[in-house]
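Visitor: One structure follows; several queries about it will come next.
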Amino acid sequence: MKKLACVALMICLAFSIGCETARKSNVKYSASTYSANNRSLMIGKWLGEMVNDQGEQQKWLVTRSSDGTYKVQFQTSKPGAQYVREQIEVGMWGVSGPIYFTITKGALKGDQFLPADPEDPLYYDAYEIIYLDEDTMKYRHIDMDVTFQVHKVAEDFELP
């Protein structure tokens with residue numbers, strides 16, 4: 003009788019472990035489908051604009067490629083001023099569930115590549131995707147709690 007109870011217990015345990023594994027694999031499939039859809043929507047050129055705390059106008063044009071690389075061009079200017087400060091960063095990007103992340107590999111200055119320090123945490127950013135469709139993306143920087151919004155632009159669009 004003890005052997006029969008022990009065998010029955012082992013069958014129940016094996017069945018419950020199998021159910022748990024199946025449930026986990028379904029969650030992974032669902033999450034990866036969500037990530038793939040978001041990733042697909044994010045590929046291309048996106049333009050953002052905002053006024054920073056110093057009253058400067060900031061524009062950025064980010065180009066995300068399907069190979070996981072990105073390039074972002076920043077332009078910053080003061081109202082009425084003659085100068086425009088420009089900066090170009092390049093790196094890797096990705097999506098995991100509702101999180102969009104970037105790893106800045108360096109900056110471009112003319113034809114020169116200036117590598118970023120891979121040990122500096124400032125070059126790793128994570129954002130919560132608040133809203134995303136074919137035309138608009140709204141996302142929040144997790145560490146700084148700043149929200150950004152960008153709009154999709156044509157592939158031939160360039161900053162002035």
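Using my numbering, you'd call the opening residue of the sequence shown number 3 and step up by one each time.
The beta-carbon is built from N, C-alpha and C at its ideal position, and this holds for glycine as well.
1. If methionine 139 and tryptophan 48 are in contact, beta carbons under 8 Å, what's the gap, nearest whole angstrom?
2. Should the segment 123–131 be called in touch with the segment 62–80, which here means at least 3 C-beta pairs below 8 Å?
3. Taking the straight line between their C-alpha atoms, what separation do you get for asparagine 54 and tyrosine 36?
4. How is glycine 44 classed by DSSP in three states: helix, strand or coil?
5. Thinking methionine 94 and isoleucine 101 are a contact (beta carbons under 8 Å), I'd like their distance in whole angstroms, please.
6. According to DSSP, simplified to helix, strand and coil, what is tyrosine 141?
7. State the DSSP-derived secondary structure class of valine 29, mapped to helix, strand or coil.
8. Could you spell out the range, first to last residue, of the beta strand (DSSP E) harbouring tyrosine 85?
Guide: Taking the coordinates as given:
1. 6 Å
2. No: the two stretches stay apart, fewer than three of their Cβ pairs being nearer than 8 Å.
3. One C-alpha to the other measures close to 32 Å.
4. Note on identity: in this sequence residue 44 is methionine, with glycine being the wrong assignment. Looking at methionine 44 - three-state DSSP - the assignment turns out to be helix.
5. Rounded, the Cβ-Cβ distance is 14 Å, inconsistent with contact.
6. strand
7. The pLDDT assigned to valine 29 is 40, lower than 50, so where the model puts this residue is not dependable, and the model offers no usable value.
8. Where tyrosine 85 is concerned, there is no enclosing beta strand (DSSP E), given that its DSSP letter is neither H nor E.
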